[in-house]
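So in my numbering the end of the sequence shown lands on 356, straight run, no missing numbers.
Think of the CB as a built atom: it goes at the ideal place given N, C-alpha and C, for glycine as much as any other residue.
Each remark here refers to the structure printed beneath this line.
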Amino acid sequence: MAENVARRGFLLGGAVIGAGALVTGCTSNEPAAPAAASSAAAPAPAPTGGNEAPGEKVVIGFSAPAADHGWIAAIAKNAEAAAKEYSDVEFKPVEPTNDINAQISAVESLIQAKVGALVILPNDGQQLNQIARQASDAGIPVINLDRVFPDKLSYRTWIGGDNYGMGVAAGHYIGKTLKDKGVANPVILEIQGIATLPLTQDRSKGFEDALKTYGFSVTAKQDAQFTVESGTKVAANLMQAHKKIDAIWNHDDDQGIGVLAAIKEAGRSEFFMVGGAGSANAMRDIKADNGVLKATVTYSPTMAASAIKLARLVAQGKGMSDLMEKQVPQSITLASETITKENVDAYLPLGFES
């Protein structure tokens, strides 16, 4: 259910990947995009030297949930685009599915095919832990993407976004903006994804902690289930309950389409809003600067492209070019960056279509 480019970079197989440049979220629907903002966010052509030089051929199996959400759809596109960069990579995806048993069976088929590496974004890390462990035990390195397997023996490397960091980034943007405006006792609303999910709880905790540094707190929050329809309903309810609002943080740019529709319908504009995940349509709204959406914090599906790059390096026994260590790290947490009107042009090519 994050997002990058004025970025602090390190080399992943020779290509610069900022801790936050893997823009990053959600986990997370509509307007047509210009070519530069394609949700596939195809990486630039790979350099010809170093880790990017062709090596031993690697068959990389790939499994992810069904693309019923803009962010998830972009995960598969980013993975495929990264694989196409390399002449020594054969990309072997299985049918995406939201059925746990079907995903287990699909991963089993990749194990039986003796792929060289596996990239798995599980529907549920706990329920797919055993099949990932089976792959690892069979000598197939598993790159665990985003939703983590609880058993570290089930994967070689985990790469994913920073949910707590998303909240921190949103909290600092809202807190500083309100402080700079001299607003006292602001009404700050929070529209979550699915409140019961650990990722949502992490986002809310980061938001709360960051706001505290400015002496602020969340006035009210409600979850919108990561859907456009719920986003519309929840935003309408919150606006009806609060006749004055200073700021809103919406966790997810996909559901944000519904949130923004409700705001437009209500004719409200006395507040500003921050989004979450880094969708291309949210970035276009930020660039236009003619509405309440002023920023979004990243949780980018480009992490899937990085997962493919990591799988290739691990399978070929290589490390990461800018690190002294000879092996790929066991865990990589991507930073959540803040996209505003000032830096949006750099991030737009990495955005995904909601």
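| Check | Outcome |
| --- | --- |
| By alpha-carbon positions, which one of ALA75, SER65, VAL121 ends up nearest to GLN105? | SER65 |
| Are the CB atoms of ALA55 and VAL316 within a distance shorter than 8 Å? | no |
| Specify the secondary structure class of ASP324 as computed by DSSP and reduced to three states. | coil |
| Check LYS207 in the structure and name its three-state DSSP category. | helix |
| Measure how close the beta-carbons of LEU180 and ASP248 come, nearest whole angstrom, since I'm counting them as under 8 Å. | 6 Å |
| Ordered along the chain, which non-local residues of its own chain (more than five positions away) have a Cβ less than 8 Å from that of SER138? | VAL144, LEU155, SER156, TYR157, ARG158 |
| Please name the residue or residues paired with ASP90 in a DSSP beta bridge. | Note: ASP90 sits in no beta bridge, so no partner. |
| State yes or no: is the C-beta of ALA81 within less than 8 Å of the C-beta of ALA309? | yes |
| Leaving aside the five residues before and after ALA44 along the sequence, list all residues of the same chain whose C-beta is less than 6 Å from its C-beta, in chain order. | Confidence at ALA44 is low in this model, with a pLDDT of 46, below 50, so its placement is unreliable and the value that follows should be read with caution. Counting only Cβ-Cβ distances below 6 Å, and skipping sequence neighbours, we find ALA83. |
| Quickly, what does DSSP pair HIS341 with across the bridge? List them, please. | The question names His, but residue 341 is Ile in the sequence shown. Answer by DSSP bridge pairing, in chain order: THR298. |
| Just the C-alpha distance for THR298 and ASN187, rounded to the nearest angstrom, thanks. | 23 Å |
| Is ILE334 near ILE161, with beta carbons less than 8 Å apart? | yes |
| With 16 other CB atoms within 10 Å as the buried threshold, where does ASP164 fall? | buried |
| Hey, how far is the Cα of HIS174 from the Cα of VAL117? | 44 Å |
| Suppose the cutoff is 8 Å on Cβ atoms and the five residues either side in sequence are ignored; what does the same chain contact list for PRO331 look like? | THR159, MET322, LEU325 |
| Do GLY195 and GLN242 have their C-beta atoms within less than 8 Å of each other? | no |
| At what residues does the beta strand (DSSP E) containing GLN194 begin and finish? | 190–194 |
| What residue range is occupied by the uninterrupted beta strand (DSSP E) comprising VAL117? | Segment: none, VAL117 is in no beta strand (DSSP E) and carries neither H nor E. |
| Using 10 angstroms around the beta-carbon of ARG10, count the other beta-carbons present and answer buried if the total reaches 16, otherwise exposed. | Note that ARG10 scores 28 on pLDDT, short of 50, meaning its location in the model is unreliable; the coordinates nonetheless yield the value given after this. ARG10 should be labelled exposed. |
| If we ignore side chains and look at the alpha-carbon of each, how far apart do MET168 and VAL236 end up? | 21 Å |
| If you count every other CB in all the chains shown that lies within 10 Å of the CB of GLY184, and 16 or more means buried, which is it? | exposed |
| Does the beta carbon of GLN194 sit closer than 8 Å to a beta carbon anywhere in chain B? | Checking the listed chains, one finds no chain B in this structure; it contains a single protein chain. |
| By Cβ distance, which residues of its chain are closer than 6 Å to ALA264, with the 5 residues on each side in sequence left out? | THR234, ALA237, ALA238 |
| Indicate the three-state DSSP secondary structure (helix, strand or coil) for LEU147 in the structure shown. | strand |
| Looking at the unbroken alpha helix (DSSP H) that takes in VAL346, where does it start and where does it end? | 346–349 |
| Can you tell me whether ALA268 is buried or exposed, with buried defined as 16 or more other CB within 10 angstroms of its CB? | exposed |
| With H, G and I counted as helix, E and B as strand and the rest as coil, what does DSSP make of LYS245? | coil |
| Does the separation of the CB atoms of VAL61 and GLU92 fall below 8 Å? | yes |
| For the stretch 67–74 against the stretch 93–102, are there 3 or more C-beta pairs whose distance is under 8 Å? | yes |
| Where does ASN125 fall in DSSP's three states? | coil |
| Which residues in the same chain as VAL261 place their Cβ atom closer than 8 Å to its Cβ, once the five residues preceding and following it in sequence are excluded? | ILE193, ALA226, GLY233, THR234, VAL236, ALA237, ILE250, ASN252, MET275 |
| Specify the secondary structure class of ILE250 as computed by DSSP and reduced to three states. | strand |
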